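Asks: Going by our numbering, the first residue of the sequence shown is number 261, and it counts up by one from there.
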Amino acid sequence: MHKRTNVRTNGCTDAQMREQIRKRTKTRMNKNTGLHPVLGYFAPSGLGGATHLIKKYSCMRGYPCQGGVYDYGLWAGLQPLAADFLPLYFEANPPMKHPQEPLDESRQGEALLLNSEQGAGKKLYLESYGCQMNFSDSEIVASLLAENGFSTTRNLYESDVILLNTCAIRENAEQRVRTRLRELQHLKKGKPSLVVGVLGCMAERLKDKFLEEEKLVDLVAGPDAYRALPSLIAEVESGQKAVNVLLSLEETYADVSPVRLTGNGISAFISIMRGCDNMCSFCVVPFTRGRERSRDPHSILQEARDLFDAGYREVTLLGQNVDSYLFYGGGPKKEFKALSPEEQSNAVNFAKLLRMVAEINPQLRVRFTTSNPGDMTDAVLESMAAYSNICKYIHLPVQSGSTSVLDRMNRGYNREQYMDRIAAIRRILPDCAISTDIIAGFCGETEEEHQDTVSLMNEVGYDYAYMFEYSERPKTLAARKFKDDVPAESKNRRLKEIIALQTEWSKRRNEEELGKEVEVLVEGLSKKSDQDVFGRTSQYKVVVFPKKHYKAGDYVRVKIHSCTSATLLGNSIE
Ligand code: SAM
């Protein structure tokens with residue numbers, strides 16, 4: 261652990277400060293805020309928000325988190341204090357059993373911890389950013405390194421290797437990782453043997469910058485290079501910098517069985533494909549993750565069965581475009597058409613894969629993301645209708661309601677075709693919830709085109725939406741072809757408008773649930789009170805209700821009595 265020798269902020273000696281910490285950390289965290297009263301003590305003048313520090317750490321250690329945006333600058337300022345304070349804090353406050361929402365903002369930067377034997381091997385600290393796919397990849401990385409004698413830790417100060425699994429989808433995701441790497445430089449100064457590396461989507465783009473120019477890292481590995489990590493780490497240990505950002509046409513990590521013990525033990529992600537062949541003009545994914553490849557369905561089924569046997573009750577099948585899943589023994593998709601009719605009929609597409617996973621056990625809920633409006637067939641919707649355990653929830657990113665913007669985005673569908681898919685969902689799955697992604701202020705977006713998005717939102721009435729300001733990404737078609745010419749204020753105002761509209765729709769959709777009986781899969785204790793549990797409906801709606809004897813993994817029928825735009829409240833029906 262990093263040791264300090266003097267105190268900078270409050271004039272106490274180390275011994276006095278430790279004594280104060282010991283005394284104060286006897287008090288438990290405030291149940292409502294998730295924060296510890298001792299924090300005020302550590303806030304140097306002018307840095308009144310020391311709570312950020314503890315929220316960040318709380319999150320990494322599996323404590324409940326409030327809010328979502330952590331001030332890394334502040335954290336850097338407080339880091340020397342944290343080295344002394346946090347071990348004592350965590351000793352005095354063992355983690356509470358609050359599961360974290362999948363991929364809410366608070367999971368960004370979460371450190372992964374496997375429940376494997378904490379042996380004498382090297383310690384890996386692995387932090388993840390970005391989408392589910394990245395979090396799922398981190399589990400693959402940890403499993404591959406576990407086979408090579410590494411155990412995971414959530415304590416930065418005891419780690420031998422620190423890896424950040426990064427996201428490049430928007431510019432702010434990149435900035436966040438850069439800031440984090442700068443903070444880690446402090447640690448490296450005190451422990452020169454420490455290996456710091458960057459994985460994932462930023463790897464390819466920033467390999468020269470991070471490694472050579474800014475000298476922020478020792479190692480860079482792209483999404484298809486994780487099997488090489490043990491040798492890359494060995495290279496760094498022998499005094500060299502190590503890089504592998506080669507993208508593959510075959511790698512699916514099908515044989516790697518990820519160990520997942522950081523989540524709630526109830527829901528898990530299964531990667532069914534990698535890469536993306538859609539060249540949406542705004543999107544960096546094809547450049548960072550390579551060409552689309554589908555994973556062998558047998559390995560997917562085995563992973564889902566293993567999860568069910570281990571007590572999991574929900575799996576989410578992951579891919580950039582799950583509707584495009586197609587496995588016929590491997591090889592590029594374009595060769596499929598050249599196969600004989602018999603070979604083609606043996607292939608597994610997404611509609612078929614869904615049914616195969618659903619048949620594992622009716623008690624295993626099946627979800628998937630992300631669907632693509634251009635590829636989502638009625639056959640997929642019919643598979644969903646045929647199995648009650650395939651959840652009635654579809655995330656169908658529209659990006660814009662304007663046909664001309666969709667055309668510039670190279671999305672491969674227009675507004676009418678998108679609305680045709682919405683109509684198919686409503687026809688085949690009348691009780692299905694629908695969510696979307698929307699980008700505000702894409703290149704050349706006029707006020708009228710923005711209004712098209714507003715009118716489409718009103719036409720669909722989404723249950724939820726993830727909304728972003730357009731951020732230009734290097735190498736993409738849009739960066740090469742169009743000007744990022746919508747003024748920042750207009751982007752921001754348009755984003756605010758659609759967020760406000762979506763909040764209204766989310767509330768309205770939740771109000772439609774009032775008085776209904778729904779089936780909830782319990783995920784854990786509610787964040788606000790340990791007298792309540794929370795879980796989700798098939799439609800992915802969060803429901804909070806009195807705990808009684810219920811525990812994570814139970815299916816409970818709940819009658820809804822009230823709601824907000826984000827949560828349904830109810831009582832269980834015995
Ligand atoms: N594969 C999915 C699709 O194509 O719909 C999702 C890909 S991406 C990981 C998730 C979302 O990030 C996208 O749907 C889009 O709304 C948003 N996004 C991607 N690139 C962006 C950019 N350059 N600026 C702003 N938002 C972006």
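From the three backbone atoms N, C-alpha and C, an ideal C-beta is built for every residue, glycine too.
Quick caveat: nothing in here was measured; it's all calculated off a predicted structure.
What number of angstroms, rounded off, separates the C-alpha of L471 from the C-alpha of I532?
Replies: Position 211 of the sequence shown, counting from 1, holds the residue named residue 471. Position 272 of the sequence shown, counting from 1, holds the residue named residue 532. Cα-Cα distance, rounded: 32 angstroms.
Asks: Are at least three pairs of beta-carbons, each pair with one atom in the stretch 546-554 and one in the stretch 585-597, less than 8 angstroms apart?
Replies: Touching, yes, given that three or more Cβ pairs across the two stretches are closer than 8 angstroms.
Asks: Examine the ligand SAM and report whether any of its heavy atoms sits within less than 8 angstroms of the Cβ of D814.
Replies: Position 554 of the sequence shown, counted from the start, is the residue given in the question as residue 814. For the ligand SAM, not one heavy atom lies less than 8 angstroms from the Cβ of D814.
Asks: The alpha helix (DSSP H) with E602 in it runs from where to where?
Replies: The residue labelled residue 602 in the question sits at position 342 within the sequence shown. Taken as a continuous stretch (DSSP letters only), the alpha helix (DSSP H) holding E602 covers 601-606.
Asks: Exposed or buried, V818, counting other C-beta atoms within 10 Å across all chains shown (16 or more means buried)?
Replies: As a first step, residue 818 must be located in the sequence shown, where it is residue number 558. Per the 10 Å Cβ criterion, buried.
Asks: Say the cut is 8 angstroms; is the CB of F542 nearer than that to a heavy atom of the ligand SAM?
Replies: Mapped onto the sequence shown, residue 542 falls at position 282. It does: the Cβ of F542 is within 8 angstroms (strictly closer) of some heavy atom of the ligand SAM.
Asks: At the level of alpha carbons, what is the spacing between N408 and R440?
Replies: Taking the sequence shown and counting its residues from 1, one reaches residue 408 at position 148. Taking the sequence shown and counting its residues from 1, one reaches residue 440 at position 180. In a straight line, the C-alpha of N408 is about 26 angstroms away from that of R440.
Asks: Specify the secondary structure class of G450 as computed by DSSP and reduced to three states.
Replies: For the purposes of this step, residue 450 is taken as residue 190 along the sequence shown, with counting starting at 1. Looking at G450 - three-state DSSP - the assignment turns out to be helix.
Asks: For a test of the three-state rule: what should DSSP assign to R817, helix, strand or coil?
Replies: Here residue 817 refers to the residue found at position 557 when the sequence shown is read from its first residue. Reduced to three states, the DSSP call for R817 is strand.
Asks: Could you give the C-beta distance for S825 and S789, rounded to a whole number, given that I count them as a contact under 8 angstroms?
Replies: Stepping through the sequence shown from its first residue, residue 825 is reached at position 565. Stepping through the sequence shown from its first residue, residue 789 is reached at position 529. The Cβ separation is near 20 angstroms, so there is no contact.
Asks: Looking at the unbroken beta strand (DSSP E) that takes in Y653, where does it start and where does it end?
Replies: Position 393 of the sequence shown holds residue 653. Counting along the chain, the beta strand (DSSP E) containing Y653 begins and ends at 653-655.
Asks: What residue range does the alpha helix (DSSP H) around M616 cover?
Replies: Reading the sequence shown from its first residue, position 356 is the one you call residue 616. Segment 610-618, the alpha helix (DSSP H) holding M616.
Asks: Scan the stretch 380-436 and note each continuous beta strand (DSSP E) run of 3 residues or more that stays entirely inside, going in chain order.
Replies: Fully enclosed beta strand (DSSP E) runs of 3 or longer: 383-388, 421-426.
Asks: By Cβ distance below 8 angstroms, which residues in the same chain neighbour D792 in space, the five residues on each side in sequence not counted?
Replies: Reading the sequence shown from its first residue, position 532 is the one you call residue 792. L785, S786, V804, F805, P806, K807.
Asks: Return helix, strand or coil for L476, following the three-state DSSP convention.
Replies: Taking the sequence shown and counting its residues from 1, the one referred to as residue 476 is at position 216. Coil.
Asks: Once DSSP output is grouped into helix, strand and coil, what is the label at P490?
Replies: Here residue 490 refers to the residue found at position 230 when the sequence shown is read from its first residue. In this structure, P490 counts as helix in the three-state DSSP scheme.
Asks: By DSSP, does S832 sit in helix, in strand, or in coil?
Replies: The residue labelled residue 832 in the question sits at position 572 within the sequence shown. Looking at S832 - three-state DSSP - the assignment turns out to be strand.
Asks: Go to S527, then tell me how far its beta strand (DSSP E) extends in each direction, as first and last residue.
Replies: The residue labelled residue 527 in the question sits at position 267 within the sequence shown. 527-531 is the span of the beta strand (DSSP E), which, as asked, contains S527.
Asks: Could you give the DSSP three-state label for R553: helix, strand or coil?
Replies: Working through the sequence shown from its first residue, we reach residue 553 at position 293. In the structure shown, R553 sits in a strand (DSSP, three-state: E or B).
Asks: Report all residues from its chain with a CB closer than 8 angstroms to the CB of M539; omit the five preceding and five following residues, and keep chain order.
Replies: For this step, residue 539 is matched to residue 279 along the sequence shown. Once the five neighbours on either side are set aside, the close Cβ partners of M539 are P546, N670, L737.
Asks: Which word fits I820, buried or exposed, when buried means at least 16 other C-beta atoms lie within 10 angstroms of its C-beta?
Replies: Locating residue 820 in the sequence shown gives position 560, where the first residue counts as 1. Answer is buried; the Cβ neighbour count reaches 16.
Asks: Assuming D697 and P657 are in contact, meaning their beta carbons sit under 8 angstroms apart, how far apart are those beta carbons, in whole angstroms?
Replies: For this step, residue 697 is matched to residue 437 along the sequence shown. For this step, residue 657 is matched to residue 397 along the sequence shown. The Cβ separation is near 4 angstroms, so the contact holds.
Asks: Measuring CB to CB, does L578 end up less than 9 angstroms from S396?
Replies: Stepping through the sequence shown from its first residue, residue 578 is reached at position 318. Stepping through the sequence shown from its first residue, residue 396 is reached at position 136. Cβ atoms of L578 and S396: closer than 9 angstroms.
Asks: Within the continuous alpha helix (DSSP H) that includes D667, where are the two ends?
Replies: On the sequence shown, residue 667 is found 407 positions in, with the first residue counted as 1. 663-668 is the extent of the alpha helix (DSSP H) around D667.
Asks: Looking only at its own chain, which residues have a Cβ that is under 7 angstroms from the Cβ of I650, when we skip the five neighbours before and after it?
Replies: Along the sequence shown, read from residue 1 onward, the residue named residue 650 stands at position 390. Result list for I650: L614, A618, V626, S643, M644, in chain order.
Asks: Residues in the same chain with beta-carbon distance under 7 angstroms from L567, minus the five sequence neighbours each way, listed in chain order, please.
Replies: Along the sequence shown, one-based indexing puts residue 567 at 307. Hits under 7 angstroms: A528, V575.
Asks: Quick check on G579 - is its C-beta less than 9 angstroms from some C-beta in chain D?
Replies: Note that chain D does not occur in the displayed structure, where there is just one protein chain.
Asks: Suppose you measure from the CA of R465 to the CA of K382; what does that come to, to the nearest Å?
Replies: The residue labelled residue 465 in the question sits at position 205 within the sequence shown. The residue labelled residue 382 in the question sits at position 122 within the sequence shown. So the two alpha carbons sit approximately 29 angstroms from each other.
Asks: Suppose the cutoff is 7 angstroms on Cβ atoms and the five residues either side in sequence are ignored; what does the same chain contact list for F610 look like?
Replies: Numbered from 1 along the sequence shown, position 350 holds the residue referred to as residue 610. So the list reads V582, D583, Y585, V640, once near-sequence residues are dropped.
Asks: By DSSP's criteria, V782 is part of a beta bridge. Which residues make up the other side?
Replies: Position 522 of the sequence shown, counting from 1, holds the residue named residue 782. According to DSSP, which records beta bridges pairwise, V782 is partnered with G795.
Asks: Check whether the Cβ of R668 lies closer than 8 angstroms to any heavy atom of the ligand SAM, and answer yes or no.
Replies: Taking the first residue of the sequence shown as position 1, residue 668 is located at position 408. Checking the Cβ of R668 against the ligand SAM gives no.
Asks: May I ask you to list the residues that DSSP assigns as paired with V802?
Replies: One-based indexing of the sequence shown puts residue 802 at position 542. In DSSP, V802 forms a bridge with R796, T827.
Asks: Residues bridged to Y724 by DSSP?
Replies: Taking the first residue of the sequence shown as 1, we reach residue 724 at position 464. BP columns for Y724 point to S695.
Asks: Q659 bridges to which residues according to DSSP?
Replies: In the sequence shown, residue 659 corresponds to position 399, counting from 1. BP columns for Q659 point to I698.
Asks: Rounded C-beta distance between R668 and F628? I'm assuming under 8 angstroms.
Replies: Stepping through the sequence shown from its first residue, residue 668 is reached at position 408. Stepping through the sequence shown from its first residue, residue 628 is reached at position 368. At roughly 28 angstroms, the Cβ-Cβ gap does not stay under 8 angstroms, so R668 and F628 are not in contact.
Asks: What's the call for Q762, buried or exposed, on a 16-neighbour Cβ count within 10 Å?
Replies: Numbered from 1 along the sequence shown, position 502 holds the residue referred to as residue 762. Q762 comes out buried.
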